[in-house]
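A short worksheet on the structure shown next.
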Ligand SMILES: [Zn+2]
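In the UniProt record's numbering, the protein residues as written are 1 to 253.
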């Protein structure tokens, strides 16, 4: 898969360093901040929350995950603000709530777009696989030029009649000036987080992959293919499908 910036294991039981905040700087314009785990408590509920913030120039994207104590509920929020050079902008928000009951997951989603002079796109597909299992995919794109968010939310069912037993949320954030900006300040960054949620033993089993780094061009190809076919796979990113040797590997040969 991609180049892992940090195997966060955000919601895994063996979260390495999950109680430490984490800051990562990529060049001059790009940074990633991951909060430590925070404990929230109301009279009825206890939960744990993590927040991750990407910043590229004045564009930002914040992703937060809140996990209920007992593993029955999970909330993921994405809020992104992308600004162009001429006052144009896109605000994108996704709010996903997932609960577990009787070995099934019950997701509810709200998405918001607000934009000026710019574009966003949504699409939907339903695929019935051999054997009768069903994948329903919701695809959302919001961006300006070569700076964009792309989210895919998949519901997986064992058959047409059943409720979903698993939900996957993939989020990509890409910023690239590679076509037009030859200055030293150019940004070329592609980031991904994939959250897999499954009902297991009366609880939500949650795994988080990422944040991982990809070439912006690879994710542009992934976006085009996913929007064209309405099917998402992480390996649509050519760099993930055909990993190139790192510099270190080159030296070892
Ligand atoms: Zn990749």
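For glycine and all other residues, C-beta sits at the position ideal for the given N, C-alpha and C. Bear in mind the structure is a predicted one, so any value in this text is a computation, not a measurement.
By the neighbour-count definition (other C-beta atoms within 10 Å, threshold 16), residue 38 is an exposed residue. If you check the CB distance, residue 165 and residue 103 come in under 8 Å.
For residue 125, the CB contacts under 6 Å within the same chain, skipping 5 residues up- and downstream, are 137, 230 in chain order. Using a C-beta cut-off of 8 Å, the stretch 58–66 makes contact with the stretch 78–98, since at least three inter-stretch Cβ pairs fall below that distance.
For ligand 1, no non-hydrogen atom lies closer than 7 Å to the CB of residue 138. DSSP, read as helix, strand or coil, puts residue 221 in helix. The Cβ atoms of residue 151 and residue 94 lie closer than 8 Å to each other. For the set 112, 215, 107, 161, the Cα lying nearest the Cα of residue 133 is the one of 161. The beta-bridge partner set that DSSP reports for residue 214 consists of 190. Per DSSP, the unbroken beta strand (DSSP E) holding residue 61 starts and ends at 59–68. Between ligand 1 and the CB of residue 171, the shortest heavy atom gap is not smaller than 7 Å. Shown here for residue 115: same chain residues with a beta carbon closer than 6 Å to its own, the five before and five after excluded, namely 90 in chain order.
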